[in-house]
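What follows is a set of notes on a single structure, which appears directly below.
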Amino acid sequence: MIILIDSKTKLVGLIGHPIDHSFSPIMHNAAIKDLKINYRYFAFDVSEKNLKDVVTGAKALNFRGFNVTIPHKVNIMKYLDEIDCDAEVIGAVNTVKIENGKAIGYNTDGIGVKKALEEKTGILINKNILIIGSGGASRAVSFELAKDNNLTIVNRNIEKAENLSKEISKKLKKENPLNYGGLDINIENFDIIINTTPVGMYPNTEVDPVIPLHNIKKDAVVMDLIYNPLEPVFLKEAKKYGAKTINGIGMLVYQGAVSFEIWTGIKPDIFVMKKSIISKI
Ligand code: NAP
């Protein structure tokens with residue numbers, strides 16, 4: 019049974035542009051219903067010029083917090099009162115918590131990917147990880163995974179991979195700096211390979227994998243941040259060579275679950291969140 023909206027209902031939500039296709043309201047409201055707590059999650063299509071008013075308004079209306087998606091993850095930061103260290107280092111916020119009249123920014127994208135991976139691999143430590151791509155998603159994922167693992171970042175534009183790997187090495191004060199390179203990388207020594215590029219994403223699904231995987235290490239785990247289609251070309255290729263695969267649903271659900279816990283203090287049921295969106299894709 020779902021608790022009806024009343025004067026005690028606590029508000030959370032999502033801001034972005036566009037937000038029509040977002041799965042966040044579905045999965046968060048499914049978790050709320052499952053836990054029988056008096057919260058509701060709404061989506062708001064917001065333009066950049068209104069970001070400051072959004073933060074002021076959310077505080078005034080006593081929102082518990084909200085997610086931030088494209089294109090506002092960087093620009094929202096200047097209107098927040100505090101920013102968590104990881105989000106500061108990543109340079110983007112996807113979760114805002116409102117507490118005692120203060121808006122505090124977090125980034126749960128990287129930890130979301132780590133948790134999704136750990137479902138398959140167990141605790142991630144000292145692994146050789148290859149990250150393909152150096153855009154926004156790669157930044158969050160690379161910062162998180164570089165804390166305890168050996169990372170190599172490759173990108174179509176090598177200079178961007180170089181800049182990101184140097185920035186992370188410096189900010190995390192890494193003894194062994196991250197490696198970087200182009201898409202012609204030799205993949206045979208990587209335990210985990212993660213595609214953070216949109217290559218293979220709907221509607222352009224009939225393409226070659228972003229890099230070939232024929233000499234992949236036995237028992238390697240391959241992840242793609244894409245969740246539409248559920249099995250993008252990169253994961254089809256990985257399966258052909260016997261790798262374990264993880265699609266972008268894992269990241270989507272776990273980053274949402276961490277946000278949910280930041281607002282409510284309660285761990286939602288991952289299975290409930292996953293189930294609520296799988297049939298919609
Ligand atoms: P972004 O900032 O635009 O970065 C895109 C990256 O992909 C860049 O490194 C770019 O390389 C590379 N790239 C683009 N087209 C390429 C091609 N044809 N061949 C090789 N490399 C190419 O994008 P983003 O925000 O990081 O998002 C990337 C992907 O992650 C998208 O598929 C998105 O849907 C997915 N994502 C998933 C979740 C989730 O919850 N599962 C969350 C966020 C993002 P250059 O620098 O050379 O242009």
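Under my numbering, the residue at position 233 of the sequence shown is numbered 251, and the numbers go up by one with no gaps.
We put the CB at the ideal spot given by N, CA and C, even for glycine.
- For Asn85, the residue or residues it bridges with in DSSP: Leu32 and Thr113
- Item | Per-residue burial, Leu79 [other beta carbons within 10 Å of its own, 16 or more giving buried] | exposed
- Query: At a Cβ threshold of 9 Å, is Thr27 touching chain D?
  - Reply: Any reference to chain D falls outside this structure, which holds one protein chain only.
- Query: Beta carbon of Asp127: closer than 8 Å to some heavy atom of ligand 1?
  - Reply: yes
- Message: So, with DSSP's three-state summary, where would you put Arg319?
- Response: Lying before the first or after the last residue shown, residue 319 is absent from the chain, which here runs from 19 to 299.
- Taking Ser152 as the reference, which of Pro216, Phe278, Tyr259 and Gly83 has the closest Cα? Selected option, being the one with the closest Cα: Pro216.
- Do three or more CB pairs link the stretch 290–297 to the stretch 232–244 at distances below 8 Å? no
- Would you check if there are 3 or more beta carbon pairs closer than 8 Å linking the stretch 247–260 to the stretch 120–136? no
- Item | First and last residue of the uninterrupted alpha helix (DSSP H) at Met45 | Ser42 to Leu53
- Message: Which residues does DSSP list as the beta-bridge partners of Ile205?
- Response: Under DSSP, Ile205 shares a beta bridge with no residue.
- Query: Count the other CB atoms within 10 Å of the CB of Ile171; is the residue buried (16 or more) or exposed (fewer)?
  - Reply: buried
- Query: Any chance the CB of Ala78 is under 8 Å from a heavy atom of ligand 1?
  - Reply: Every heavy atom of ligand 1 is 8 Å or more from the Cβ of Ala78, so no.
- Query: Cβ-heavy atom distance between Ile105 and ligand 1 below 8 Å?
  - Reply: Reading off the sequence shown, one finds Ala at residue 105, where the question assumed Ile. No, the Cβ of Ala105 stays beyond 8 Å of every heavy atom of ligand 1.
- Query: Would you report the Cα separation of Lys188 and Asn167, rounded to the nearest angstrom?
  - Reply: 15 Å
- What's the C-alpha gap between Lys268 and Leu135? Note that residue 268 is Gly in the sequence shown here, rather than Lys. Rounded to whole angstroms, Gly268 and Leu135 show a C-alpha spacing of 8 Å.
- For Ile203, collect the residues of the same chain with a Cβ closer than 8 Å to its Cβ; drop the 5 residues on either side in sequence, then sort them by chain order. Leu148, Thr170, Val172 and Ile229
- Item | Other residues of its chain near Arg327: CB distance less than 6 Å, five sequence neighbours each side excluded | The displayed coordinates of the chain run from 19 to 299. Any statement about residue 327 would go beyond what the structure contains.
- Message: According to DSSP, simplified to helix, strand and coil, what is Lys236?
- Response: coil
- Whole-angstrom C-beta distance between Trp281 and Arg82, which should lie under 8 Å: 5 Å
- Sort out for me which residues DSSP pairs Asn146 with in a bridge. Asn168
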